[in-house]
Amino acid sequence: MRKVIAAFKISADGKYGGPDGYADWVESWPEDFGSWLTTQIDACVLGAEFYPLYEQYWSRVAAAPSEIHPFSGRVPTAADVEWSGFAAQTTHYVVSSTLESVAWPNTRILANLDAVAAMKREPGKDIYLIGGPTIAAAAMDAGLVDELRLIVYPLIVGEGKALFPSSARHAMELTKVEQLPNGRLSLVYENGQ
Numbered sequence: 063m064r065k066v067i068a069a070f071k072i073s074a075d076g077k078y079g080g081p082d083g084y085a086d087w088v089e090s091w092p093e094d095f096g097s098w099l100t101t102q103i104d105a106c107v108l109g110a111e112f113y114p115l116y117e118q119y120w121s122r123v124a125a126a127p128s129e130i131h132p133f134s135g136r137v138p139t140a141a142d143v144e145w146s147g148f149a150a151q152t153t154h155y156v157v158s159s160t161l162e163s164v165a166w167p168n169t170r171i172l173a174n175l176d177a178v179a180a181m182k183r184e185p186g187k188d189i190y191l192i193g194g195p196t197i198a199a200a201a202m203d204a205g206l207v208d209e210l211r212l213i214v215y216p217l218i219v220g221e222g223k224a225l226f227p228s229s230a231r232h233a234m235e236l237t238k239v240e241q242l243p244n245g246r247l248s249l250v251y252e253n254g255q
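Converting from the sequence shown to our numbering requires adding 62 to each position, the first position being numbered 1.
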């Protein structure tokens, strides 16, 4: 059976974004996760709230890879450019009961998380649960997340957006810890259900 892998970059106090919702401390999104990001997955799942920002961000990287990105204020890294190409070719699913259409190619709308559960039973590579926090908490609560990968930054954000603001309590088993440059930690947890 395919696994659903949720992966996020967070601050030491569990925030995925600052007060404006954006993680201004992250220099590159795909870096640090390793090769699994493009070799182990063949589908991405997003929530309806997160999808528009994701589409705008990666469409801009693909269209202007050598220009300063208006969201980050930086030129995209080589890993960003690589991910934008991979993302454009990889099927994305947006879980929404209200969204009627999407503009990005290879993107489909799923009515609910039951469709993600059905995807897990289909043949294929693993599924990357990108975000945002509402869909991550709902998928966790529904027992769909098999693995949680976190890159923890040595930063206390304080006021910001918590990764799991509404999720129930879940036991997780730590299976891998890796120290990354600049005091960051890579943590891999398996669902302890």
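Note that beta-carbon positions come from the ideal geometry of N, C-alpha and C, so glycine has one too. Only a predicted model underlies this, so the values are computations on that prediction, with no experimental measurement involved.
- Message: Suppose contacts are defined by Cβ-Cβ distances below 8 Å. Is Met234 in contact with Leu210 by that definition?
- Response: In this structure, Leu210 lies closer than 8 Å to Met234 by Cβ.
- Query: Taking the runs of the beta strand (DSSP E) that are 3 residues or longer, which of them lie wholly in the stretch 112–167?
  - Reply: 153–157
- Message: Considering Cα atoms alone, identify which of Glu129, Tyr190, Leu115, Pro138 is closest to Ala165.
- Response: Leu115
- Message: Just to confirm before moving on: does the CB-CB distance between Val66 and Asp203 stay below 8 Å?
- Response: no
- Message: Considering just the uninterrupted stretch of the beta strand (DSSP E) at Leu99, what are its terminal residues?
- Response: Segment 98–101 is the alpha helix (DSSP H) holding Leu99; no beta strand (DSSP E) there.
- Per-residue burial, Leu225 [other beta carbons within 10 Å of its own, 16 or more giving buried]: buried
- Message: Whole angstroms are fine: how far does the CA of Leu242 sit from the CA of Ala74?
- Response: 14 Å
- Item | Cβ neighbour criterion (16 or more within 10 Å) applied to Leu236 | exposed
- What span of residues does the alpha helix (DSSP H) with Ile218 cover, start to end? Unbroken run through Ile218: none, as it is neither H nor E.
- Task: May I ask which residues mark the beginning and end of the alpha helix (DSSP H) holding Leu206?
- Result: Counting along the chain, Leu206 falls outside any alpha helix (DSSP H), and DSSP gives it neither H nor E.
- Message: Using a Cβ-Cβ cutoff of less than 6 Å, which residues in the same chain neighbour Gly186 once the five nearest sequence positions on both sides are dropped?
- Response: Arg64, Asp104
- Name the residue from Gly245, Arg231, Asn253, Trp91 whose alpha carbon lies nearest to the alpha carbon of Trp145. When C-alpha distances from Trp145 are compared across Gly245, Arg231, Asn253, Trp91, the shortest belongs to Trp91.
- Query: When you compare only the Cα positions, how much space is there between Gln151 and Thr100?
  - Reply: Rounded to the nearest angstrom, the two C-alpha atoms are 11 Å apart.
- Message: My assumption, with CB atoms under 8 Å, is that Ile257 sits in contact with Val137. Please give the rounded CB distance.
- Response: The chain is shown only over 63 to 255; residue 257 falls outside these bounds and no answer can be derived.
- Along the beta strand (DSSP E) that carries Lys77, what are the first and last residues, could you check? 77–79
- Thr64, enclosing beta strand (DSSP E) - first and last residue: The displayed chain sequence assigns Arg, not Thr, to residue 64. Careful: Arg64 lies outside any beta strand (DSSP E) and carries neither H nor E.
- Message: Spatial neighbours of Tyr155 within its chain, please: C-beta separation below 6 Å, excluding the five flanking residues on both sides.
- Response: Non-local beta-carbon contacts of Tyr155 in its own chain, meaning distances under 6 Å to residues more than five positions away in sequence, involve Val107, Arg170, Leu172 in chain order.
- Query: Near Ala33, what residues of its chain come up, given a Cβ to Cβ distance below 6 Å and the 5 sequence neighbours on each side ignored?
  - Reply: It is not possible to answer for residue 33, since the shown part of the chain is limited to 63 through 255.
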